[in-house]
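For the sequence shown, full-length UniProt numbering gives the first residue as 1, with consecutive numbering after it.
These notes are about the structure you will find just below.
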Amino acid sequence: MVEAQSLVAVPQSDGSYKAYMSPISSYGTQLQEGNMSFAVSGLSATYENNEVTVFASLSLSGVSTLVIHMCQEGGMSGSMPQAHNTTSGSANVLSKETWQWRILDKRENRLKKKMEGYANIFLSNPIIHVYRKTNPNYPLPHLTVNGQLNRQIPTKKMLAKLSTLPSVSVHGDAPTIAFTTPPNYATRISHVLSRNGYNPLWCPTLIVEVTPHTISSLKPYLSPQSLDPFSAIAFTSRTAIQAFSDAAASAGVLTEPPLSPSGDVFTIAALGKDSELIDHGFVSKLCDNLKRVRVLVPPTATPSGLVASLGEGGNRRVLCPVPLVVELEEPPVVPNFLGELHANGWFPVRVNAYETRWAGPQCAEGIVRKAEERQLDAIVFTSSAEVEGILKSLREFGLDFESLRKMCPELIVASHGPVTKAGAERLGVKVDVVSSKFDSFDGVVDALNLTLAKLRC
1 MVEAQSLVAV
11 PQSDGSYKAY
21 MSPISSYGTQ
31 LQEGNMSFAV
41 SGLSATYENN
51 EVTVFASLSL
61 SGVSTLVIHM
71 CQEGGMSGSM
81 PQAHNTTSGS
91 ANVLSKETWQ
101 WRILDKRENR
111 LKKKMEGYAN
121 IFLSNPIIHV
131 YRKTNPNYPL
141 PHLTVNGQLN
151 RQIPTKKMLA
161 KLSTLPSVSV
171 HGDAPTIAFT
181 TPPNYATRIS
191 HVLSRNGYNP
201 LWCPTLIVEV
211 TPHTISSLKP
221 YLSPQSLDPF
231 SAIAFTSRTA
241 IQAFSDAAAS
251 AGVLTEPPLS
261 PSGDVFTIAA
271 LGKDSELIDH
281 GFVSKLCDNL
291 KRVRVLVPPT
301 ATPSGLVASL
311 GEGGNRRVLC
321 PVPLVVELEE
331 PPVVPNFLGE
341 LHANGWFPVR
351 VNAYETRWAG
361 PQCAEGIVRK
371 AEERQLDAIV
381 FTSSAEVEGI
391 LKSLREFGLD
401 FESLRKMCPE
411 LIVASHGPVT
421 KAGAERLGVK
431 VDVVSSKFDS
441 FDGVVDALNL
451 TLAKLRC
């Protein structure tokens, strides 16, 4: 998972386990050792009674915290960790927990003491109870973090033992805002929500990732001079950029850049903050002559805005790295985007750069639980595929979206831009709030602020 902070335990030849940190910056990671974005102390791994356990203490800075924890395992090739299973419904995919913490002030001392009582129970347990060792696999716990914590994090197994404890909101009376983004966007949106005083609830309904199949699909466009027949690459998502970059960096793919140093201007187009990934390093992988490449960021961060900024195509070819949608109906966003390019005189070439898959039948469980407790204030969708994902999961619980609204009559549904709004309403989910500024997640949260402020008046 890109941008995850990982604790890794690898078996050694003497039967012990080596524990180390590995920040994940690309889908092609080989879990190299490195420093995390926060302090880690007391890191160790033990093997006892056919189980591996990882211990660590994390020290994070800030006022509020959302910790998203995933525990994963995969095989070994010699001393090198290999990719873990990504099949929908597998333990690797479903092993997600979210914890939220806040350092409370003196006025909230009573609640603080109550929370410390629970935290002390956690402190007597290991940070991550990983797996039963039936083969020489490695555990890969992912941590995506925002905020302050100096506690050992409870595991899913530990939380199950504590399920009889009363529910305590560490954000006090702050509104609970659920969001269904895939993991690659979770940190960004949770940070914006926490910064605005909300209690973020992450319930991803999609899994977005690169697969061997999608890497193979990209490779033909990464051989020498393979981009010469094209005039542009149009990226409509951050994941597509990362997937293309990872494929270009793969061993044995690039003997020389795929774009010749001489020729007409070549355009690389990306939306909003996604364009931050189109840096010097990215461009240099594609062409030795950086002056030949133009980076285009449309003022309106939508696929239609990208088409408009590209201008008339003149029957030129544009490469479009887009998702392959699995277990869900493909939303009309990509087909419409390709159609608009064609109508504007371009010859779009689609390539499946990554997969978007349903996160499974239980992905809406956290949202359902909060709705049943009447503690769900809003849901934020950033794509129509997320909406389809939650609807499929709700059906597994014998519910539909109107059932959520009946449980929480003041529930607000917010969408990150008009494209998502149109897709949600096409699926029968009425959207109450839509951001007018959608080059970052600040826009949809600003719109939520206005709506919730009116409700409080």
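Note that the Cβ used here is the ideal one computed from N, Cα and C, for glycine as well.
In this text, all values refer to a predicted model and were calculated from it rather than measured experimentally.
**Asked** Using DSSP with H/G/I as helix, E/B as strand and the rest coil, what is Phe266?
**Response** strand
**Message:** By the three-class DSSP mapping on this structure, what secondary structure does Lys18 have?
**Reply:** Note: Lys18 maps to strand in three-state DSSP.
**Request:** Express the C-alpha separation of Leu193 and Ile412 in angstroms, rounding to a whole number.
**Result:** 15 Å
**Message:** Am I right that Gln12 and Ser22 are in contact with their C-beta atoms under 8 Å? What's the rounded C-beta distance?
**Reply:** The Cβ separation is near 16 Å, so there is no contact.
**Closest Cα partner of Val208 within the set Glu402, Phe266, Gly345, Ala353** = Ala353
**Prompt:** Buried or exposed: which applies to Pro335, given that a residue is buried once 16 or more other Cβ atoms fall within 10 Å of its Cβ?
**Reply:** exposed
**Message:** Suppose the cutoff is 6 Å on Cβ atoms and the five residues either side in sequence are ignored; what does the same chain contact list for Tyr20 look like?
**Reply:** Val8, Glu33
**Message:** Below 8 Å, how does it come out for the stretch 307-317 and the stretch 214-226: are there three or more Cβ pairs, yes or no?
**Reply:** no
**Message:** Pop quiz: Gly314 and Gly345 are said to be a contact at Cβ under 8 Å. What is the actual Cβ separation, rounded to whole angstroms?
**Reply:** 6 Å
**Prompt:** Which runs of the alpha helix (DSSP H) fall wholly inside the stretch 326-363 and span at least 4 residues, in chain order?
**Reply:** 333-343
**Close Cβ partners of Met407 (< 7 Å) along its chain, the five nearest in sequence each way excluded** = Ala371, Glu372, Arg374
**Under the three-state DSSP convention, the category Lys156 falls into** = Reliability of the predicted coordinates at Lys156 is poor, the pLDDT of 36 falling under 50, and the value obtained from them is presented with this limitation in mind. If DSSP states are grouped into helix, strand and coil, Lys156 belongs with the helices.
**Message:** Restricting to Cα atoms, I'd like to know which of Val368, Leu427, Ala232, Tyr198 is closest to Phe347.
**Reply:** Ala232
**Request:** May I have the straight-line CA-CA distance separating Pro331 from Thr255, to the nearest angstrom?
**Result:** 37 Å
**Message:** Alpha carbons only, please: which of Ser436, Val10, Leu455, Ser393 is nearest the one belonging to Gln362?
**Reply:** Ser393
**Asked** Short check: CB of His416 to CB of Ser435, under 8 Å?
**Response** yes
**Prompt:** Which same chain residues, not among the five before or five after Gly197, have their C-beta less than 6 Å away from its C-beta?
**Reply:** Ala174
**Request:** Pick helix, strand or coil for Ile367, following the three-state DSSP scheme.
**Result:** helix
**Message:** Can you tell me where the alpha helix (DSSP H) holding Thr214 begins and where it ends?
**Reply:** 212-218
**Prompt:** With a CB to CB cut of under 7 Å and the five nearest residues on each side skipped, what residues in its chain are close to Arg317?
**Reply:** Result list for Arg317: Pro229, Phe230, Ser231, Phe347, Val349, in chain order.
**Request:** Just mark Ala385 as buried or exposed, buried being the case when its beta carbon has 16 or more other beta carbons within 10 Å.
**Result:** buried
**Request:** To the nearest angstrom, report how far apart Pro258 and Val297 are at their CA atoms.
**Result:** So the alpha carbons of these two residues sit roughly 22 Å apart.
**Request:** Tell me whether Lys406 counts as near the ligand NAD, meaning its Cβ is closer than 7 Å to at least one heavy atom of that ligand.
**Result:** As for the ligand NAD, it is missing from this structure, which has no ligand bound.
**Request:** Would you list the one or two residues that DSSP bridges to Asn199?
**Result:** In the DSSP assignment, the residues bridged to Asn199 are Thr176.
**Prompt:** Cβ atoms of Val419 and Glu425: under 8 Å apart, would you say?
**Reply:** no
**Request:** Take Asp288 and list the residues in its own chain whose beta-carbon comes closer than 7 Å to its own, dropping the five residues that flank it on each side.
**Result:** Result list for Asp288: Pro257, Pro261, in chain order.
**Request:** Mind reading off the beta-carbon distance from Leu201 to Ile177? Whole number of angstroms is fine, and I expect it under 8 Å.
**Result:** Indeed, because the Cβ distance is near 7 Å, the residues count as touching under 8 Å.
**Prompt:** Whose C-beta lies closer than 8 Å to the C-beta of Ala447 among residues of the same chain, with five residues either side of it excluded?
**Reply:** Ala414, Val433, Val434, Ser435, Ser436
**Request:** Determine the DSSP secondary structure at Ser284, reduced to helix, strand or coil.
**Result:** Residue state, collapsed to three classes: helix.
**Asked** Which class does Pro183 belong to by DSSP, given the choice of helix, strand or coil?
**Response** Three-state DSSP puts Pro183 in a helix.
**Prompt:** Helix, strand or coil for Val419 per DSSP?
**Reply:** helix
**Message:** Quick check on Leu227: buried or exposed, where buried means 16 or more other Cβ atoms within 10 Å of its Cβ?
**Reply:** The C-beta of Leu227 has 16 or more other C-beta atoms within 10 Å across all chains shown, which makes the residue buried.
**Asked** Which two residues bound the contiguous alpha helix (DSSP H) that contains Ala378?
**Response** No alpha helix (DSSP H) holds Ala378; the beta strand (DSSP E) holding it covers 378-381.
**Request:** Check the DSSP bridge columns for Phe55 and list the partner residues they point to.
**Result:** In DSSP, Phe55 forms a bridge with Ser44.
**Cross-strand partners of Cys320 (DSSP beta bridge)** = Arg350
**Message:** Would Ser272 and Asp439 qualify as a contact pair, given that the criterion is a beta-carbon distance under 8 Å?
**Reply:** With the sequence shown as reference, residue 272 is identified as Gly, and Ser is not the correct amino acid for it. Taking 8 Å as the Cβ cut-off, Gly272 and Asp439 qualify as a contacting pair.
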